[in-house]
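Here the structure is laid out as C-alpha cells; the discussion comes afterwards.
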Amino acid sequence: MLLTQVFLNWGAFFLYVAAALTAGHYLFTKDLRASRIMHVLLGIGLCLHLGAWGARVALFWSVPENRFFLPVSSFHGALSYMALALAAVFYVVEGQARLGVLGAFVLPWAAASLGAAVLFANPETAALAPKLRSYWLNIHPMVLMSAYAAFANAFGVGVALLIQERQIKSRKPTELCYRLPSLDELDSLNGRVIAWASPVLVIGMVMGALWSHAAPDYRAGPKEILSLCSAAVYAAFLWLRYGAGRRGRTTVYISLLGFACLLATFFGAELLRGSHSYMGGGQ
Amino acid sequence: MKLLTLSWTHKTSAAPAREALAAVPVEKVLAELHDRGCSEAVAVSTCNRFELYAAGRPDMVKPPEWFLEILSGLAGAEVASEAEVREDHQAVLHLFSVASGLDSLVVGETEILGQIKTGYEAAKSLGMTDKRLNVLFQRALYVGKKVRSETSVAVGASSVPSVAVQLAESIFGCLEGKSALILGAGAMAELAAKHLVARGVGKLVVANRTWERAYALAARFQGESVRWEEFPEQLAQADVVIASTGAPQAVVTRAMVEAAAAKRAGRSIFFIDIAMPRDVEESVHQLDGVFLYRLEDFESIVAKNLANRAESVAAARSIVEAKAEEFDRWAKSLSTEKELSLRHSSRPR
C-alpha cells in the first residue's frame with residue numbers, strides 16, 4: 002500500500018509539473034491546445050492524487066488506534082493534502098472563470114507542495130499520538146488547509162494582477178498584456194476568492210481554539226500567533242477592498258503579505274517548534 | 135488546368151481605376167462574363183483591390199485582353215493599362231499571398247479573408263465555380279488562416295483606435311455597459327466615439343466649450359451632452375475619457391482626477407489624450423488605478439506591432455510558397471489518372 006501511495010504521488014507530482022509548464026507555455030504562446038492539455042493533465046493528476054490519498058488513508062487505518070482519523074498530522078500528509086486542495090480549487094475556479102492562463106501562477110504552488118511532500122517528507126504513517134486522537138483532527142487542519150489552498154489561488158491571481166498593472170502602466174505593453182485577463186476581472190477574482198476563504202480560515206482557527214480548550218495542558222505557540230497575523234492581514238485587505246472601496250496595487254500588496262504570513266505559519270512554525278510541529282509528528 | 139488572374143491593387147494601380155471597378159457589383163461582372171462565354175470565374179472586390187480569377191481547360195480560358203475589354207466596358211473607364219496579369223503558378227501564389235494578408239496595405243489584416251470568401255460564395259451561388267476553383271479558393275482560405283495562426287503576421291493591433299480599444303479591454307474586460315466621457319467635439323472625438331460605441335460602450339457623455347457642438351455630437355451617438363463646467367464631476371463616473379480639445383494648456387488636472395478618484399471606489403479610469411497640446415496633466419498617470427495614454431504612445435505600439443508583423447513576412451511567404459506548389463502538384467495530377475489527395479492537415483500523397 003505504501004508503494005502504491007508513493008507511486009501515485011510521484012505520478013501526480015509529474016502531472017502537476019507538466020500542467021504548470023503547459024500553462025506557462027500557453028501564457029507565452031497563444032496556443033489554445035496548451036490550455037486544453039493543461040486541463041487534461043491537471044484532471045488526471047487530481048485523479049492519481051486522490052488515489053494516493055485513498056491509499057494513504059487505508060495504510061493509516063491499518064493501525065487500529067488511527068481508525069477513522071485522517072492522516073494529516075505528519076508533514077507529508079499536510080503538504081499532500083494542501084497540494085490536492087490547491088489543484089482542486091484551481092480546477093474549479095479556472096473551470097468557472099475560464100482563466101487557464103492563471104495556471105502559470107497557481108499550479109507551481111501545487112507542484113511545489115506535492116514535490117516537497119514526495120521529495121523531503123516521510124510518507125510512512127505511524128500510530129497517532131494519544132492527544133491527537135480527537136474528532137477535531139478530521140476538521141481543524143482540513144478546514145485550515147483548504148483555506149490555505151484558496152489563498153494560494155488568490156496569490157496567483159494577485160501576481161497576475163500586478164504583472165498586468167505594470168504592463169499597462171509601462172505604456173509599452175507586450176503580448177502578455179493581451180493574454181492575461183483584464184485588470185477588473187483579476188481584481189474581482191482576487192477579492193472574491195479572499196472573501197470566501199477568509200471566513201473558512203477564521204472558522205478553522207476557532208475550531209483550533211475549541212480543541213485546545215478541551216485539551217489539558219495546552220499552551221499557545223508561534224503557529225497560533227502567526228495564524229492570527231495572517232487573519233488580521235486578510236481582514237485588513239477585506240476592509241480596504243470592500244469597506245473603504247480601495248482597489249489596485251495597494252490592496253494586492255496586502256493580499257500578498259497575507260499569503261507570506263500563511264507561508265510563515267505553515268513552514269515557519271517548524272523552525273520555531275511548538276505543539277503544532279509536523280516534524281515532531283505532533284508529539 | 136489554366137488559371138488567369140487580373141488584379142488592380144493599391145500597390146500597382148492608381149485609385150481612379152480601382153474606384154471605377156469597385157463601383158461595379160461583382161454579380162454584374164460575373165453575369166456579363168457568363169453571358170459572353172466564360173464559365174469559371176471569381177471576382178474579389180474591396181476598397182483597395184479588384185481581382186478577377188478565371189479558370190478552365192487550357193484551350194477554354196480566354197486571353198487576358200478579352201477580360202480587360204469586358205471589364206473596361208463595365209467600369210466605363212480604361213482600366214486595362216493598370217492591370218497586373220498572372221497565370222498558373224504565379225496566380226495561385228498571388229491568391230494565397232492575398233488571402234494571407236501579405237499583399238494588404240496593413241500586413242496580416244484579417245478582413246481580406248472575409249472579402250475573398252464573399253467573392254467566392256457569390257461566384258459559387260451563380261454556378262461559376264467548378265472543382266478547380268472550388269478547391270483553389272477553399273485552399274486559399276485555409277492557407278490564410280494557417281499563416282495567421284502559425285506566424286506573427288497578424289499579431290498585435292495595427293491602428294491607433296484598435297490599440298486603444300485593446301488596452302481598454304485589458305483594463306475593463308468587456309466594454310459593454312462601460313461609460314465614456316468625450317472632451318471636445320471635433321473630428322477626432324467623433325472617430326473615437328464611433329469606435330467605443332461599436333465596442334459596446336453603453337453611456338456616452340460629451341463635453342465641449344461650445345455646448346451646441348457637444349449636443350450635436352452626443353445626438354449622433356444617442357449620448358448625453360453636458361456643459362463644459364460640469365465635466366470634472368463626470369470624471370467620477372466615466373471609465374474611459376477621450377480628450378481632444380484645442381485648449382492651449384491641460385484641461386484635466388491632477389487635482390481634478392484625485393478628487394474624482396476619491397468617489398470612484400477604486401475603479402480604474404483610462405485617459406486617452408489625443409490633443410496637441412495635451413489636455414491631461416502627465417502626472418495623473420502616477421495615480422493608482424489611473425492610466426493615461428497619449429497619441430504617441432499608441433503610435434509607438436502600432437509601429438512596434440507592424441515591425442513585428444514585417445519580421446514574420448518571410449516565414450509567412452515560405453508557407454504560402456509551399457502551399458502554392460502543393461496546389462500545383464494537385465492541379466497537374468487532375469490530368470493524370472491518379473489524382474493526388476489534398477488534405478488541409480497533411481501533404482498530398
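Chains A and B are the protein sequences, given in the same order. Following this note's numbering, the numbering of the first sequence begins with 2 at its first residue and continues without gaps. Following this note's numbering, the numbering of the second sequence begins with 135 at its first residue and continues without gaps. Even for Gly, the Cβ is constructed at its ideal location relative to N, Cα and C.
Note to self: Assuming residue 165/A and residue 304/B are in contact, meaning their beta carbons sit under 8 Å apart, how far apart are those beta carbons, in whole angstroms?
What the structure shows: As a working note, residue 165/A is residue 164 in the first sequence. As a working note, residue 304/B is residue 170 in the second sequence. About 7 Å; that satisfies the 8 Å criterion.
Next item on the list: Decide if residue 316/B is buried, meaning its Cβ has at least 16 other Cβ atoms within 10 Å, or exposed.
Entry: Residue mapping note: residue 316/B aligns to position 182 of the second sequence, counting from 1. So residue 316/B ends up on the buried side.
Next item on the list: Say whether chain B places a C-beta atom closer than 7 Å to the C-beta of residue 171/A.
Entry: Numbered from 1 along the first sequence, position 170 holds the residue referred to as residue 171/A. Chain B contact via Cβ: absent.
Next item on the list: Out of 149/B, 375/B, 277/B, point me to the one whose CA is closest to residue 100/B's CA.
Entry: Because chain B is modelled from 135 through 483, residue 100/B falls outside the range shown and cannot be assessed.
Item checked: For residue 429/B and residue 403/B, believed in contact at Cβ under 8 Å, the rounded distance -> Against the second sequence, residue 403/B aligns to sequence position 269. Against the second sequence, residue 429/B aligns to sequence position 295. Rounded, the Cβ-Cβ distance is 18 Å, inconsistent with contact.
Check: What span of residues does the beta strand (DSSP E) with residue 265/B cover, start to end?
Finding: As a position in the second sequence, residue 265/B is number 131, starting the count at 1. Segment 265-284 is the alpha helix (DSSP H) holding residue 265/B; no beta strand (DSSP E) there.
Item checked: Minimum length 3: unbroken beta strand (DSSP E) runs contained in the region 364-388 of chain B -> 374-377
Note to self: Does residue 188/A come out as helix, strand or coil in the three-state DSSP assignment?
What the structure shows: Within the first sequence, the letter at position 187 stands for residue 188/A. Helix, per DSSP.
Check: Are any of the Cβ atoms in chain B nearer than 7 Å to that of residue 185/A?
Finding: Here residue 185/A corresponds to residue number 184 of the first sequence, with the count starting at 1. Yes, residue 185/A counts as interfacial toward chain B.
Checklist line | Interface partners of residue 48/A on chain C, CB under 9 Å | finding: Chain labels in this structure do not include chain C; the protein chains are A and B.
Next item on the list: Going by CA-CA distance only, name the one from 338/B, 326/B, 250/B that's closest to residue 311/B.
Entry: Your numbering for residue 311/B matches position 177 in the second sequence. Among 338/B, 326/B, 250/B, the Cα nearest to that of residue 311/B is on 338/B.
Next item on the list: Could you work out which residues of chain B lie near residue 179/A, taking near to mean beta carbons separated by less than 7 Å?
Entry: Numbered from 1 along the first sequence, position 178 holds the residue referred to as residue 179/A. Residues of chain B passing the Cβ test: 300, 304.
Next item on the list: Note down the Cα distance separating residue 167/B from residue 154/B, rounded to an integer number of angstroms.
Entry: Within the second sequence, the letter at position 33 stands for residue 167/B. Within the second sequence, the letter at position 20 stands for residue 154/B. Approximately 17 Å, taken between the alpha carbons.
Next item on the list: State the Cα-Cα distance for the pair residue 345/B and residue 412/B, rounded to the nearest angstrom.
Entry: Here residue 345/B is taken as the residue at index 211 of the second sequence, counted from 1. Here residue 412/B is taken as the residue at index 278 of the second sequence, counted from 1. In a straight line, the C-alpha of residue 345/B is about 21 Å away from that of residue 412/B.
Next item on the list: Compute the beta-carbon to beta-carbon distance between residue 326/B and residue 406/B, rounded to the nearest angstrom, for a pair I have assumed lies under 8 Å.
Entry: Counting from 1 along the second sequence, the entry for residue 326/B is found at position 192. Counting from 1 along the second sequence, the entry for residue 406/B is found at position 272. About 7 Å separates the two Cβ atoms, so the contact holds.
Notebook entry, point to check: Should the region 100-114 of chain A be called in touch with the region 22-33 of chain A, which here means at least 3 C-beta pairs below 8 Å?
Noted result: yes
Next item on the list: Using 10 angstroms around the beta-carbon of residue 284/B, count the other beta-carbons present and answer buried if the total reaches 16, otherwise exposed.
Entry: For the purposes of this step, residue 284/B is taken as residue 150 along the second sequence, with counting starting at 1. By the neighbour-count rule (16 or more Cβ atoms within 10 Å), residue 284/B is not buried but exposed.
Next item on the list: For chain B, find out if any of its Cβ atoms is closer than 7 Å to the Cβ of residue 33/A; answer yes or no.
Entry: As a first step, residue 33/A is located in the first sequence; it is residue number 32 there, counting from the start. Closer than 7 Å: no.
Notebook entry, point to check: According to the neighbour-count rule (16 or more other Cβ atoms, all chains shown, within 10 Å of its Cβ), is residue 214/A buried or exposed?
Noted result: Position 213 of the first sequence, counted from the first residue, corresponds to residue 214/A. Exposed, because fewer than 16 other Cβ atoms sit within 10 Å of the Cβ of residue 214/A.
Check: Taking only runs of the beta strand (DSSP E) that begin and end inside the region 167-214 of chain B, which ones reach a length of at least 3 residues, in chain order?
Finding: 175-179, 183-190
Next item on the list: Quickly, what does DSSP pair residue 142/B with across the bridge? List them, please.
Entry: In the second sequence, residue 142/B corresponds to position 8, counting from 1. According to DSSP, which records beta bridges pairwise, residue 142/B is partnered with 184/B.
Next item on the list: Thinking residue 454/B and residue 271/B are a contact (beta carbons under 8 Å), I'd like their distance in whole angstroms, please.
Entry: Here residue 454/B refers to the residue found at position 320 when the second sequence is read from its first residue. Here residue 271/B refers to the residue found at position 137 when the second sequence is read from its first residue. Rounded, the Cβ-Cβ distance is 15 Å, inconsistent with contact.
Check: At what residues does the beta strand (DSSP E) containing residue 218/B begin and finish?
Finding: Indexing the second sequence from 1 puts residue 218/B at position 84. Looking at the DSSP string, the run of the beta strand (DSSP E) that includes residue 218/B is 218-221.
Next item on the list: Starting from residue 165/A, find everything on chain B with Cβ-Cβ shorter than 8 Å and list it in chain order.
Entry: Mapped onto the first sequence, residue 165/A falls at position 164. Within 8 Å Cβ-Cβ: 304.
Next item on the list: Please specify which runs of the beta strand (DSSP E), each continuous and at least 3 residues long, are wholly inside the region 314-361 of chain B, giving them in chain order.
Entry: 337-342, 358-361
Notebook entry, point to check: What's the C-alpha gap between residue 149/B and residue 393/B?
Noted result: Numbered from 1 along the second sequence, position 15 holds the residue referred to as residue 149/B. Numbered from 1 along the second sequence, position 259 holds the residue referred to as residue 393/B. The straight-line gap from Cα to Cα measures roughly 52 Å.
Next item on the list: Ignore the nearest five residues each way along the sequence and tell me which others in residue 33/A's own chain have a CB closer than 7 Å to its CB.
Entry: Counting from 1 along the first sequence, the entry for residue 33/A is found at position 32. Cβ neighbours of residue 33/A beyond the five flanking positions: none.
Note to self: By the three-class DSSP mapping on this structure, what secondary structure does residue 156/A have?
What the structure shows: The sequence position of residue 156/A within the first sequence is 155, counting from 1. Three-state DSSP puts residue 156/A in a helix.
Note to self: Between 324/B, 390/B, 274/B, 185/B, which has its C-alpha nearest residue 158/B's C-alpha?
What the structure shows: Position 24 of the second sequence, counted from the start, is the residue given in the question as residue 158/B. Of the listed residues, the one whose Cα sits closest to residue 158/B is 185/B.
Notebook entry, point to check: Quick one: does residue 400/B have its CB under 7 Å from some CB of chain A?
Noted result: As a first step, residue 400/B must be located in the second sequence, where it is residue number 266. Answer yes: the Cβ-Cβ gap between residue 400/B and chain A drops below 7 Å somewhere.
Margin query: Using a Cβ-Cβ cutoff of 8 Å, what residues of the region 402-422 of chain B are near chain A? List them in chain order.
Written below: 402, 419, 422
Margin query: Between residue 231/A and residue 266/A, how many whole angstroms is the CB-CB distance? I'm expecting something under 8 Å.
Written below: As a first step, residue 231/A is located in the first sequence; it is residue number 230 there, counting from the start. As a first step, residue 266/A is located in the first sequence; it is residue number 265 there, counting from the start. Confirmed, Cβ separation roughly 6 Å.
Notebook entry, point to check: According to DSSP, is residue 406/B helix, strand or coil?
Noted result: Here residue 406/B is taken as the residue at index 272 of the second sequence, counted from 1. Three-state DSSP puts residue 406/B in a strand.
Next item on the list: Alpha carbon to alpha carbon, how far is residue 113/A from residue 146/A? Give it in angstroms, no decimals.
Entry: For the purposes of this step, residue 146/A is identified with residue 145 of the first sequence, where counting begins at 1. For the purposes of this step, residue 113/A is identified with residue 112 of the first sequence, where counting begins at 1. C-alpha separation (whole angstroms): 15 Å.
Checklist line | Below-7 Å beta-carbon distance, residue 307/B vs any chain A residue | finding: As a first step, residue 307/B is located in the second sequence; it is residue number 173 there, counting from the start. It does; some Cβ of chain A falls within 7 Å.
Note to self: Can you give me the C-alpha to C-alpha distance between residue 162/A and residue 198/A, rounded to a whole angstrom?
What the structure shows: Translated into the one-based positions of the first sequence, residue 162/A becomes position 161. Translated into the one-based positions of the first sequence, residue 198/A becomes position 197. So the alpha carbons of these two residues sit roughly 19 Å apart.
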